[in-house]
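Structure first, then comments.
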Amino acid sequence: MFTIKKWWESKALQIGLLAILAGSVWTIRQTEGALFWEIYQGITRPLQNLDLGMSPQDRTQNAIISELKTQIVDLESQNKKLKSLLSYTEKEGIASKPIIARVVGRSTDHWWQQVILNRGKNAGIQEGYIVKTDGGLVGLVENVTMNTSRVLLVSDLKSQVGITIPRTSAKGVLHGNGSDQAILEFYEKVPNVKVGDLISTSTYSQKFTAGIPIGKIKSLDLKKLPTSIAQVELFPAIRSLDWVTVYPKVENPE
1 MFTIKKWWES KALQIGLLAI LAGSVWTIRQ TEGALFWEIY QGITRPLQNL
51 DLGMSPQDRT QNAIISELKT QIVDLESQNK KLKSLLSYTE KEGIASKPII
101 ARVVGRSTDH WWQQVILNRG KNAGIQEGYI VKTDGGLVGL VENVTMNTSR
151 VLLVSDLKSQ VGITIPRTSA KGVLHGNGSD QAILEFYEKV PNVKVGDLIS
201 TSTYSQKFTA GIPIGKIKSL DLKKLPTSIA QVELFPAIRS LDWVTVYPKV
251 ENPE
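Residue numbering for the sequence shown follows my numbering, starting at 1 and increasing by one per position.
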């Protein structure tokens, strides 16, 4: 009994203060809470009514302006990409005039396999034409309609491209891997190659003109059986293709 009494005497002041605080909070909520709410409403109501005060014509005009601004940004972006693509094309110095096309179709189920272009037979594109963009090889036209073309990407698992290492002339076959990297199988068991070596299409290729850049060696496995392999980082931005150039295949020198 003495213990309980002692505890109460030591805690009585704290309990009393808590009771006063709780009562004050309840009183404010019941009396001045409404006042605080009215003040808040008075401040925010004019802001909420700004848009409501606009006429239908003003709202329509604002919507049109916003749409035009978006279109301008998109056009500026397209113009920048086209300038970059044309600059790359001029540096290549290819005699045949490229057909410029844009990617207009791509399935999430076949993202790394194929794309649809907005140019076809009417623009002069034929099956077997080569597709490139900034960085190098994109793929091969495998189907054409009057106004569209379907492109098999170098990243497709079915894709096989004969390649060479310009530094040493080592050769092999590049296989698509369903990503922005590909697998290179060398013809030689111990090829003269190293990480960082650039790769391009080979004169052995029956589908592609020789000398088109593709990527660079990212890693090597020279102990792999039955042949050495390399992981290749593709130069073209296959993941986010937009504008491309399309060319007929030029016969490789004998």
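Glycine included, C-beta positions come from ideal geometry on N, C-alpha and C.
Item	Value
When you compare only the Cα positions, how much space is there between residue 182 and residue 193?	16 Å
Which one of 148, 166, 142 and 164 has the shortest CA to CA distance from residue 156?	142
Can the beta-carbon of residue 153 be found less than 8 Å from the beta-carbon of residue 139?	yes
Between the stretch 102–116 and the stretch 233–247, can you find at least three pairs of beta-carbon atoms closer than 8 Å?	yes
What does DSSP give as the partner residue(s) for residue 230 in the beta ladder?	184 and 220
If you count every other CB in all the chains shown that lies within 10 Å of the CB of residue 205, and 16 or more means buried, which is it?	buried
Find the nearest neighbour of residue 215 within the set 188, 221, 187 and 176, judged by alpha-carbon distance.	176
Applying the criterion that 16 or more other CB atoms from any shown protein chain within 10 Å of the CB defines a buried residue, is residue 113 buried or exposed?	buried
Measuring CB to CB, does residue 257 end up less than 8 Å from residue 149?	This structure does not reach residue 257, given that the chain is present from 1 up to 254, and the question cannot be answered.
Might you give, ordered along the chain, the residues of its own chain that have their beta carbon closer than 7 Å to the beta carbon of residue 210, omitting 5 neighbours on each side?	201, 202, 203 and 252
Looking at residue 132 and residue 212, is the spacing between their C-beta atoms short of 8 Å?	yes
Can you give me the Cβ contacts of residue 64 inside the same chain, cut-off strictly under 6 Å, excluding the 5 residues immediately before and after it?	none
Check residue 160 in the structure and name its three-state DSSP category.	strand
In whole angstroms, what is the alpha-carbon distance linking residue 137 and residue 234?	9 Å
DSSP three-state call for residue 24: helix, strand or coil?	Because the pLDDT of residue 24 is 49, which lies under 50, any placement of that residue in the model is unreliable, and the question is left without a value.
By alpha-carbon positions, which one of 109, 144, 170 and 178 ends up nearest to residue 159?	178
What are the boundary residues of the beta strand (DSSP E) that residue 243 is part of?	243–247
With 16 other CB atoms within 10 Å as the buried threshold, where does residue 56 fall?	exposed
Can you tell me whether residue 250 is helix, strand or coil according to DSSP?	coil
Quick check on the DSSP output: the beta strand (DSSP E) that includes residue 143 runs from which residue to which?	136–144
For the beta strand (DSSP E) holding residue 133, just list the boundary residues, first then last.	130–133
Tell me, to the nearest whole angstrom, how far the beta carbon of residue 174 is from that of residue 229; I am working on the premise that it is less than 8 Å.	In fact, because the Cβ distance is near 11 Å, the residues do not count as touching under 8 Å.
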